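Chains A and B, in that order, are what the protein sequence lines are.
Everything in the first sequence is counted per the working numbering, starting at 8 for the first residue and increasing by one.
Everything in the second sequence is counted per the working numbering, starting at 53 for the first residue and increasing by one.
Where is the CB? At the ideal position from N, CA and C, for every residue including glycine.
Values in this document were obtained by computation on a predicted structure and should not be read as measured data.
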Amino acid sequence: MPKETVQLDRVIIRFAGDSGDGMQLTGDRFTAETATFGNDLSTLPDFPAEIRAPAGTLPGVSAFQLHFADHDIMTPGDAPNVLVAMNPAALKANLKDLPRGGDLIVNTDEFTSRNLTKVGYSDNPIEDGSLDSYNVHPIALTSLTVESLKDFNLTKKEAERAKNMFALGLLSWLYGRPFEGTERFLHEKFERKPEILKANLTALHAGWNYGETTEDFSVRYEVKPAPLADGTYRNISGNLALSYGLVAAGQQTGLPIYLGSYPITPASDILHELSKHKKFGVRTFQAEDEIAGIGAALGASYGGSLGITTTSGPGVALKSEAIGLAVALELPLIVVDVQRGGPSTGLPTKTEQADLLQAMFGRNGEAPVPIIAPQSPSDCFDAALEAARIATTYRTPVFLLSDGYLANGSEPWQVPNVADLPDLTVTFTTENNWTNEDGTTEFMPFARDPETLARPWAIPGTPGLEHRIGGIEKADITGHISYDPDNHDKMVRLRQAKIDGIAKTIPDLEVDDPSGEAKVLVIGWGSTFGPIGAACRLVRDSGEHIAQAHLRHLNPFPANTGEVLKRYDRVIVPEMNLGQLAMLLRAKYLVDAISYNQVRGMPFKSQELESAIKDVIANV
Amino acid sequence: MSDTAVPVQLKAKDFKSDQEVRWCPGCGDYAILAAVQSFLPELGIPKENICFVSGIGCSSRFPYYLTTYGMHSIHGRAPAIATGLATSRQDLSVWVVTGDGDALSIGGNHLIHALRRNVNLKILLFNNRIYGLTKGQYSPTSEVGKVTKSTPMGSLDYPFNPLSLALGAEATFVARTIDSDRKHLTEVLRAAASHEGSALVEIYQNCNIFNDGAFDLLKDADSRDDEVIRLVDGEPIVFGAEGQHAVVRNAHGGLKIVPTASVDASEIVVHDAHSSDTATAFALTRLSDPETLHHTPIGVLRHVERPSYDRLMGDQMSAAQSNGPGNLQSLLTGSDTWTIT
Numbered sequence: 008m009p010k011e012t013v014q015l016d017r018v019i020i021r022f023a024g025d026s027g028d029g030m031q032l033t034g035d036r037f038t039a040e041t042a043t044f045g046n047d048l049s050t051l052p053d054f055p056a057e058i059r060a061p062a063g064t065l066p067g068v069s070a071f072q073l074h075f076a077d078h079d080i081m082t083p084g085d086a087p088n089v090l091v092a093m094n095p096a097a098l099k100a101n102l103k104d105l106p107r108g109g110d111l112i113v114n115t116d117e118f119t120s121r122n123l124t125k126v127g128y129s130d131n132p133i134e135d136g137s138l139d140s141y142n143v144h145p146i147a148l149t150s151l152t153v154e155s156l157k158d159f160n161l162t163k164k165e166a167e168r169a170k171n172m173f174a175l176g177l178l179s180w181l182y183g184r185p186f187e188g189t190e191r192f193l194h195e196k197f198e199r200k201p202e203i204l205k206a207n208l209t210a211l212h213a214g215w216n217y218g219e220t221t222e223d224f225s226v227r228y229e230v231k232p233a234p235l236a237d238g239t240y241r242n243i244s245g246n247l248a249l250s251y252g253l254v255a256a257g258q259q260t261g262l263p264i265y266l267g268s269y270p271i272t273p274a275s276d277i278l279h280e281l282s283k284h285k286k287f288g289v290r291t292f293q294a295e296d297e298i299a300g301i302g303a304a305l306g307a308s309y310g311g312s313l314g315i316t317t318t319s320g321p322g323v324a325l326k327s328e329a330i331g332l333a334v335a336l337e338l339p340l341i342v343v344d345v346q347r348g349g350p351s352t353g354l355p356t357k358t359e360q361a362d363l364l365q366a367m368f369g370r371n372g373e374a375p376v377p378i379i380a381p382q383s384p385s386d387c388f389d390a391a392l393e394a395a396r397i398a399t400t401y402r403t404p405v406f407l408l409s410d411g412y413l414a415n416g417s418e419p420w421q422v423p424n425v426a427d428l429p430d431l432t433v434t435f436t437t438e439n440n441w442t443n444e445d446g447t448t449e450f451m452p453f454a455r456d457p458e459t460l461a462r463p464w465a466i467p468g469t470p471g472l473e474h475r476i477g478g479i480e481k482a483d484i485t486g487h488i489s490y491d492p493d494n495h496d497k498m499v500r501l502r503q504a505k506i507d508g509i510a511k512t513i514p515d516l517e518v519d520d521p522s523g524e525a526k527v528l529v530i531g532w533g534s535t536f537g538p539i540g541a542a543c544r545l546v547r548d549s550g551e552h553i554a555q556a557h558l559r560h561l562n563p564f565p566a567n568t569g570e571v572l573k574r575y576d577r578v579i580v581p582e583m584n585l586g587q588l589a590m591l592l593r594a595k596y597l598v599d600a601i602s603y604n605q606v607r608g609m610p611f612k613s614q615e616l617e618s619a620i621k622d623v624i625a626n627v
Numbered sequence: 053m054s055d056t057a058v059p060v061q062l063k064a065k066d067f068k069s070d071q072e073v074r075w076c077p078g079c080g081d082y083a084i085l086a087a088v089q090s091f092l093p094e095l096g097i098p099k100e101n102i103c104f105v106s107g108i109g110c111s112s113r114f115p116y117y118l119t120t121y122g123m124h125s126i127h128g129r130a131p132a133i134a135t136g137l138a139t140s141r142q143d144l145s146v147w148v149v150t151g152d153g154d155a156l157s158i159g160g161n162h163l164i165h166a167l168r169r170n171v172n173l174k175i176l177l178f179n180n181r182i183y184g185l186t187k188g189q190y191s192p193t194s195e196v197g198k199v200t201k202s203t204p205m206g207s208l209d210y211p212f213n214p215l216s217l218a219l220g221a222e223a224t225f226v227a228r229t230i231d232s233d234r235k236h237l238t239e240v241l242r243a244a245a246s247h248e249g250s251a252l253v254e255i256y257q258n259c260n261i262f263n264d265g266a267f268d269l270l271k272d273a274d275s276r277d278d279e280v281i282r283l284v285d286g287e288p289i290v291f292g293a294e295g296q297h298a299v300v301r302n303a304h305g306g307l308k309i310v311p312t313a314s315v316d317a318s319e320i321v322v323h324d325a326h327s328s329d330t331a332t333a334f335a336l337t338r339l340s341d342p343e344t345l346h347h348t349p350i351g352v353l354r355h356v357e358r359p360s361y362d363r364l365m366g367d368q369m370s371a372a373q374s375n376g377p378g379n380l381q382s383l384l385t386g387s388d389t390w391t392i393t
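In structure tokens, the structure reads:
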């Protein structure tokens, strides 16, 4: 008898298990199925820095949260409706986030006295009544999986490893997800291991069939596709979108891409991805250290490539001197900083926004660098193109500040039509650019474009334009070494004016204030866009007024920023740091901005932000 | 070298820039600059296809005094920057100018990695065994016990032997020469330029302000014949005014110096820079006294073929593009999409 189907408008599922349980893969596959189904979605992978912490312990718990809906959503969700706990450690670490009445699927096989003791349970919570306020589904996931694979020539351990596919099959049944994509994925992954492939496919189907036959689940749920704008969509993570943006930047500028990089969490995936795209003229160089990574990228830029280096906060610290050199040389360069918790090694796999001031000021001397920050995983694509536009137009290093949440989180992305991407064609200087009084011409490496103040980009191999550049101060126009006081003052101001002038080419800061009656503005930057937006919806749903603005360009700010800030009685600045944007806004615009800060390594919860915003509104 | 080389008739003066040379009068760098300017026309490469990249230090001002493309970069990082340039522009002839502090102290990591990768760089390491630009502190090649501004009781650091280091770092071309020996210097530059891959050329260079006479033992007419071991590929290794010293193998697999008359001619080691085994080249570098430089070999110690990193990277690029360029729309679209109409 077909089971009853209940309509839901949105669901938040969290998969939690041991690092070795394959939770990230399970989450990724469920996300891909959900994307194919057409829901709007947002994800939050949350995993430890250790590759395999001791099995069954709290530090080893790896989780993946997915929010999907029949309408547009902005965050991976504050709290799950459904928690899948593969062992006692996963239950213990995640139960506090599951609201009472939430669905709890537990793998009873792992609730042995040994595993329970390991995480400090004296009694089995499945049996002692402590989970009575939840809707518990105790399932022997491991033994059901092993049973379904008994005809295979596999060791018990190999069979057990397929339990994540059993769980995926069960959840796919529960929410009516298609799983052809996962089948394709498994075929590719285990192409050379046919027995393992068959086992995984069998476990996947067994999970689905278990859902249909077990009496433990009396209903299935349906979340209808979301009415997104017409177009072709795919699911994409921030690191992938950023990588594609850089490949596209090469195509749109007409320049070869050269990535010089040293592996670092959570940026390494960009190196991995770009290394696959040599077909697009993308060179990747895994350097001996962070400094060599940026050095090689800068050397390549000198030679006429678009040099890029990818890293996280600790790597930026090491690259600072080379970024300063790029400022002095006035060559294009993109520095991608996928921010993580700091200081020092900090929280390698967790998110934070605390590198803003490092990007802004972390160099010796007056060394202004433009800063772009994407606001969602898919926005990393457009932000990369914008970074390339500024770097090549203004011959300057540019910071692209992503973060761990954007890097690993994913959302649906309307695939752009390549014909609609901006034309960023770069023209090198190939002829003398200066006419002397006697009518003769010369090449002047520091004669500037009057509009952009950019200097000419004449690359080695160009006959007649041989010139020398370097980190030592250069004379205006000629580029000769100069220790002249007035010249240094002039060059410092010219380099600053060049960066300030970028503001003329960036869009005005837009304000979202549907009622037009808001007295309080909430302004953020980077990955807090989703949580702030969701919080603003909650505020408005409860009948109050709030205006939202979000900065994509952090240096320079959009030209109208000061005017926007002064329009409101109060300005609140939520950040995953201790108030770095707020400090910049206060310094530049003399506005009494109110900081709201969390540095928990996790994105803001929209309900917490909602109450923070309401507190400010109440005190206007 | 360059794939786009065309016959050009350039002269030394064509490589002299209009910038005033600002090294101290009497500095060994002048002799090296003159030798390089005289040698560059020999390459037959248009000067726009030549690029000099330097780090920081006295020697690193070098690019400003040439009319080629050039970059005066930051301390120790020239090999890294030059790696990006050389591997993205196989058509260029890329040279690195560095010093003992720049290459062996702050930039030691980049040097050894450029050498092991065999990036197509000609690295000229001006070794004056002192920090000049910062006014006279000891360097990583200074002798132990050196009294300087930062070591009033004598330095404690044991020095690097740059050529031993380079061989240990898998360098394919390793040579040493002396600033004052124009002919030898030019020969070594010629050999380095002909090598595809990293070429490390250590040039003993006198700093007449902070370490004057550091190489006098190897330069003075009354000592040099007995102190310098001039290596000639394919020739037995003998030295001294009358060829009275010879290099033979010792009982421990290394090398030793004996009177030529005391051994059979067949026992004298014949120099083979092209040997795939680095053991003899390494043993040669160990003949010199780390303090006094007594018995210092000069010339090309090692010159072997191994595909350059630039070529290998270029080959991968070509292989990836063999079926035409990538299609950006296909990449962005991927294989898992859904359409809303």
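- For the pair Phe178(B) and Gln257(B), the Cα-to-Cα distance works out to about 6 Å.
- Straight through space, the alpha carbons of Phe104(B) and Arg338(B) are spaced by roughly 31 Å.
- Contact of His474(A) with chain B is assigned, a C-beta pair being separated by under 9 Å.
- Thr318(A) and His162(B) have their C-alpha atoms some 18 Å from each other.
- Taken through DSSP and simplified to helix, strand or coil, His162(B) comes out as helix.
- Taking 9 Å as the cut-off, the Cβ atoms of Ile530(A) and Leu558(A) count as close.
- Spatial neighbours of Gly369(A) in its own chain (CB-CB distance under 6 Å, excluding positions within 5 residues in sequence) are listed in chain order as Ser327.
- The C-beta distance from Ala304(A) to Gly267(A) rounds to 4 Å, short enough to meet the 8 Å contact threshold.
- By alpha-carbon distance to Leu313(A), the top candidate from Leu392(A), Phe388(A), Gly238(A), Leu123(A) is Leu392(A).
- The beta carbon of Glu100(B) falls within 9 Å of a beta carbon belonging to chain A, placing the residue at that interface.
- DSSP lists Val300(B) as the beta-bridge partner residues of Lys308(B).
- Annotation for Lys174(B): the continuous beta strand (DSSP E) segment containing it runs 173 to 179.
- Rounded to the nearest angstrom, the gap between the Cα atoms of Thr403(A) and Thr193(B) is 37 Å.
- Taken atom to atom, the span from the alpha-carbon of Ala132(B) to that of Asp520(A) is near 50 Å.
- About 3 Å separates the CB atoms of Ala256(A) and Ala395(A); that is less than 8 Å, so the two are in contact.
- C-alpha of His323(B) to C-alpha of Leu85(B): approximately 29 Å in a straight line.
- Ser308, Tyr309, Gly310, Gly311, Ser312, Gly314, Glu328, Ala329: these are the residues of the stretch 308 to 329 of chain A whose beta carbon lies less than 9 Å from some beta carbon of chain B, given in chain order.
- Of all residues in the stretch 273 to 290 of chain A, only His284, Lys285, Lys286, Phe287, Arg290 come within less than 7 Å of chain B when Cβ atoms are compared, listed by chain position.
- Using beta-carbon distances, Arg502(A) does not count as an interface residue toward chain B, since no partner is under 9 Å.
- Here Ile58(A) is exposed: its Cβ has fewer than 16 other Cβ atoms, across all protein chains shown, within 10 Å.
- Under the DSSP assignment, Arg59(A) falls outside any alpha helix (DSSP H); it carries neither an H nor an E label.
- Distance check between Ser106(B) and each of Gly376(B), Gly153(B), Phe334(B) places Gly153(B) closest, using alpha-carbon atoms only.
- Interface flag for Arg363(B) against chain A is unset, since no Cβ pair is found closer than 9 Å.
- Distance check between Gln614(A) and each of Tyr182(A), Pro83(A), Glu40(A), Leu48(A) places Pro83(A) closest, using alpha-carbon atoms only.
- Contact between Glu190(A) and Leu208(A) holds, since their C-beta atoms are separated by about 6 Å, short of 8 Å.
- Contact annotation: Glu279(B) and His355(B) have beta-carbon atoms that are not nearer than 9 Å.
- The contact set of Gln71(B) on chain A, defined by CB atoms closer than 7 Å, consists of His487 in chain order.
- At a cut-off of 9 Å, the C-beta of Leu253(A) has no neighbouring C-beta in chain B.
- Per the DSSP secondary-structure output, Phe114(B) pairs with nothing in a beta bridge.
- Taken atom to atom, the span from the alpha-carbon of Leu592(A) to that of Cys387(A) is near 24 Å.
- Judged by DSSP in its simplified three-state form, Cys387(A) adopts helix.
- With 16 or more other Cβ atoms inside 10 Å of its own Cβ, Gln346(A) counts as buried.
- Between the C-alpha atoms of Ile392(B) and Leu48(A) there is a straight-line separation of about 15 Å.
- Here Met93(A) carries a coil assignment [DSSP, helix/strand/coil].
- Between Ala390(A) and Gly537(A), the gap from beta carbon to beta carbon reaches 9 Å or more.
- A distance below 9 Å separates the beta carbons of Gly45(A) and Trp390(B).
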